[in-house]
Structure formats: structure tokens, C-alpha cells
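Engineer: All letters in the sequence shown, in the order written, are residues -25 to -1, 1 to 413 by mature numbering (1 follows the signal peptide of the UniProt record, and there is no 0).
Positions of the beta carbon are idealized from the N, C-alpha and C atoms, including for glycine.
Quick one: the structure is below, and I'll ask about it shortly.
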Amino acid sequence: MNNMKKFMLASLFVTVTMSPVNVWASAPTHAVLKTQPQQVTSIESLIPKKMAAQLQSDALELISDAAAIGILESVSMVAAKGEESADWHQRFAEGRFQVERVVPIYNLLGELAEVMVVINDGCVITDVATGEVVQVSFSGVDKAYLEDKAALYVHGLEHFAVDEAGNVVEGNKKGQKIQTVKQKHAGKVQKVQKKVNKKWGQLAKENKERILDAFNPAGLNEGNSDSDYITDPNLWLLRYYPNNHNVLRDLSVTQLYSYSRYVPEILQSSWNTKENDCAVISSLEIMGYYWSLTSTQKTAAYNAMINSSYFEQPDDGVYPWNNDALFKAGADSIGKTQQTSDDPEDYSPSYSDIKSYLLNHGPGYLSFGYNDQPYVDHTVTVKGVKEFKTTYTDTLYIKRNFYDNFLMINDHWDYTSSDAYVRYRDDETWYYVSIVKN
């Protein structure tokens, strides 16, 4: 194994073999200590639904080989810190470098010829036969476009998509049937002859799984239900509607509105002092929004809140209606003046109320109930909102429009150590406390 391969694999293994234990704090109930799920990402789950439906089982191994090498090459580009890859480098440094889609690309013999790995808004395309990178783009990938197509093909330097009816939808072959195109050009296409990649060699199955899992934790943005962990609302919606509605074609997601406050996240695992301290961590985050806190002040405020009457001992957490009083206890400990009489509280708040609190006051506490997956009995910090419109044509050829609102949160967990989101639902038993700084 060459030195580059050893270094890259070792770096990835350090990333994915860490098993963060995160505290799920109790609102009105007792403590529950839960370990974040460390599942192995299925390569098939990353392939757009319509494309996955047409896969042959023996193609998955070839796709895994090419995708793993594509990811390794992408990380190599990030390490090089080139100007073009600056966005990827920034995302990598912040833990937001994420594999979002893996797309098979066929030649005109119908063989798997290339694999596209979609990373954030860019992609890397690798040759299945050799594992060599044939194309890189650091931006401009339309994920909605990929979700809506039945297959991608390559012929020479040209890539083009085909719809479910077998029609080429772009390029100089647009409007032709793919079978006609195959018959016309198949004699000029070389068969795929798999070779061992010269740079990375033949990766073991467990290595491929770890490489994939390093940048796509299982359970993120799957689009199955509101129980998913969401770090990319746009991607989640692109998966949610095909998974739960009769989407035929023309799927698109448009962001209509976005607003956020700058509230850096504090991970519960970085304190590791008390179980069920999520409301205390939210308090530190909101205090940090209003005041520049030193390490000494953070520690003093944390201890003051833990030792206050509002934190149910020994480790039972904070009742949500006491969050404003908890904030005052923390503020008082560092010499700040804070009142609680003017802090709005709302059980089962409307989206417009939360948005108004955020705009008029600043970040706030959102406490979840017994059944609110994936944040059961947990308190998070709300720091922003995003609004989206999803459109598609259904199987009855009717155009559908849906509007969804998301709350941008700090959930204090390593598992989602970038901005996390929850989709607002009218029927939830959430409790919201907004802090008015005095």
C-alpha cells in the first residue's frame, strides 16, 4: 500500500471510528443517555430513486469501488487547498463536506461506465474500468434534475439524461429514443474492462464502507419522515416527496426565504459534566450570542445553572417553562442583569410566532415532547428559519405545489455537527421560550 493510500485511509478511519455519546436531556421527565447510531451507509440509498430501481445487483459492487475512489480523490483535492476547491476545503474544515448522491452512468452498450459522486453542490466522476477521475466540478450540480431522471449516459465527452419513457432529454440527441441511439452508436463503443486502480489499488469491502460512511452518516437527510436527522432541507425535500408522494416528473425545490442569527454551536460532549444538560447548553449558546464569554465565564455560568433550583438533580434536566429562569441564573453568575417577566413562552407555538420571536428578540429555546422524534425530550437552540416550495407532476399528470417551513437549530450533538433543521408541523407538542435581553 503506497504512503498516500495509507495516510488517506488512516485519516478516514479516525473520522468514522469515533463513537460520540450524546446526551438527550429531559424536559419534564427522567434522564435517558443514548448513544448516537453508527450505521453503515448503504450505497443504494444514495442513488436517486428512479435510477436505483433499474440497477442490476452486480452493479452495486462496481459502483462502490468507483464511488470510494471518487471520495478519496475529492479529499485529496481538498488537501491541496486550490482556489477552485476553496468551498470544499471550507466545508471539510467545518465538518460539512458531505456525499449527497451517487449516480451510475452507462455507456451505449448499457454497461456501467462511470460513477458520479455528488458532494455538496459539486461532483467527481470516476471511470469504472480504471478508477481514474474523468471530470470534476466544484459547483453547479442540480440535485433535483438528478432525482427526476431514469438514467445518465456517456458517449465520448458527452453526458446526457434519459427519462422514464426512454427519451433523451438534452444535448444533440434530445428527443431520440435511447434504444435508437444505442443501435446507431453501439458498434463504436469499447466494452468496459475492469482494472485495478494504480493509485489506490483494490479497496477491501470494509474500507469502502468506512470511506462512504465518513462523509454520509446514515440517517441524515434520508427523506423518509420527520424522524430523520436533517442538515440539508433542500436535499431532504428532494427525497421526501418521491418517498411519500406519487411523484412522476418535474420535481423541483425552491428556497423562498431564509433568515438566521449567528449562534455558534456548543456540543454537549465537550462538557461531559451532567446528563440532560441540553437546556444549560442552549443557555450558554444564547448567552454567547448576546455577550462575548470567556472560558472562565462559561464555566461559571454552567456551574451556576447546574446548581440552581431549575436543574432537577441529580441529572433530570430542566422543565421547559423554567428555561428563562435558567438563563437568568447563568446571566446573574457573570454579572449581567436579566429579568424573566418579559420573556415570551408558547406551548405548541405557530410557525409565524417562532419566526416573529426570532426576528424581534433573537435565538430561543425549543423543547420537544415524549414522542417528538428524533429529538425526544430534548431542548435545542433555534437560530434561524428557511421556507421552501416543492413542485412536481404526479402520476395523474396533475401539477402539485407544497410549502414547507424549517427551523434552523443547534442540537448540541456531534452527529449533526453542522446546522441542523426540523420541519415545522402544526400538530407538535413543542414548547418555545424566547429570551428578551435586558
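Candidates VAL129, HIS64 and ASN413: which alpha carbon is nearest ASN95's?
Structural biologist: ASN95 has its Cα closest to that of HIS64, out of VAL129, HIS64 and ASN413.
Engineer: Restricting to Cα atoms, I'd like to know which of LYS159, ALA136 and ASP62 is closest to SER114.
Structural biologist: If we check each option's Cα against that of SER114, ASP62 comes out closest.
Engineer: From this set, GLN154, VAL50 and ALA28, which residue's C-alpha is nearest ALA125's C-alpha?
Structural biologist: The candidate whose alpha carbon is nearest that of ALA125 is ALA28.
Engineer: Please classify THR370 as buried or exposed, where buried requires at least 16 other C-beta atoms within 10 Å of its C-beta.
Structural biologist: Exposed, by the Cβ-count rule.
Engineer: From TRP(-2) to ASN82, what does the alpha carbon distance come to, in whole angstroms?
Structural biologist: For TRP(-2), the predicted structure reports a pLDDT of 24, less than 50, and the residue's modelled location is therefore unreliable. The matter cannot be settled from this model.
Engineer: Out of GLU320, SER325 and TYR350, which has the shortest C-alpha to C-alpha gap to GLY339?
Structural biologist: Taking only the C-alpha atoms, the option nearest GLY339 is GLU320.
Engineer: Please report the straight-line C-alpha distance between ALA34 and ALA88, rounded to a whole angstrom.
Structural biologist: Spanning the two alpha carbons is a distance of roughly 10 Å.
Engineer: With DSSP run on the structure shown, which of helix, strand or coil describes VAL15?
Structural biologist: With a pLDDT of 43 at VAL15, under the threshold of 50, the modelled position of this residue cannot be trusted, and the question is left open.
Engineer: Report the option in ARG236, ILE46 and GLN177 whose CA atom is closest to the CA atom of ILE100.
Structural biologist: If we check each option's Cα against that of ILE100, ILE46 comes out closest.
Engineer: By alpha-carbon positions, which one of ARG224, SER233 and ASN196 ends up nearest to TYR215?
Structural biologist: That would be ASN196, whose Cα lies nearest to the Cα of TYR215.
Engineer: Count the other CB atoms within 10 Å of the CB of TYR128; is the residue buried (16 or more) or exposed (fewer)?
Structural biologist: Result: buried.
Engineer: Taking just the CA atoms, how far does VAL164 sit from SER39?
Structural biologist: Near 23 Å, if we compare the C-alpha coordinates of VAL164 and SER39.
Engineer: Alpha carbon to alpha carbon, how far is TYR294 from VAL238?
Structural biologist: Their backbone Cα atoms lie some 23 Å apart in a straight line.
Engineer: Give me whichever residues DSSP pairs with GLY359 in a beta bridge.
Structural biologist: SER235 and MET383.
Engineer: Excluding the five sequence neighbours on either side, which residues of its own chain have a C-beta within less than 8 Å of the C-beta of GLN73, listed in chain order?
Structural biologist: Only ARG66, ILE94, ASN95, PHE190, ASN191, LEU195, THR206 and ASP207 meet the Cβ criterion.
Engineer: Which residues share a DSSP beta bridge with TYR407?
Structural biologist: Answer is ASP321 and LEU341, bridged to TYR407.
Engineer: Let's test the definition: count the other Cβ atoms within 10 Å of the Cβ of ARG400 and tell me whether it reaches 16, buried, or not, exposed.
Structural biologist: Classification for ARG400: exposed.
Engineer: What residue does the beta strand (DSSP E) around TYR128 start on, and which one ends it?
Structural biologist: It spans 126 to 130 - the beta strand (DSSP E) in which TYR128 sits, taken as one unbroken run.
Engineer: If you run the structure through DSSP and keep just helix, strand and coil, what is TYR399?
Structural biologist: Of the three classes helix, strand and coil, the one that applies to TYR399 here is coil, per DSSP.
Engineer: Counting C-beta neighbours from all protein chains within 10 Å, is the total for ASN282 16 or more, i.e. buried, or is it exposed?
Structural biologist: Flag for ASN282 reads exposed.
Engineer: Give a yes or no on whether 9 Å exceeds the smallest Cβ distance from ASP96 to chain D.
Structural biologist: Absence of chain D from the displayed structure is noted, only one protein chain being present.
Engineer: From ARG236 to LYS358, what distance separates their C-alpha atoms?
Structural biologist: Distance between the alpha carbons of ARG236 and LYS358 is about 5 Å.
Engineer: Could you compute how far the alpha carbon of ALA304 sits from the alpha carbon of ASN209?
Structural biologist: Taking the straight line from one Cα to the other gives about 38 Å.
Engineer: Mapping DSSP to helix, strand and coil, what is GLN154?
Structural biologist: GLN154 falls in the helix class under three-state DSSP.
Engineer: Counting pairs of beta carbons, one from the stretch 333 to 352 and one from the stretch 252 to 271, are three or more of them closer than 8 Å?
Structural biologist: Yes: at least three Cβ pairs fall under 8 Å.
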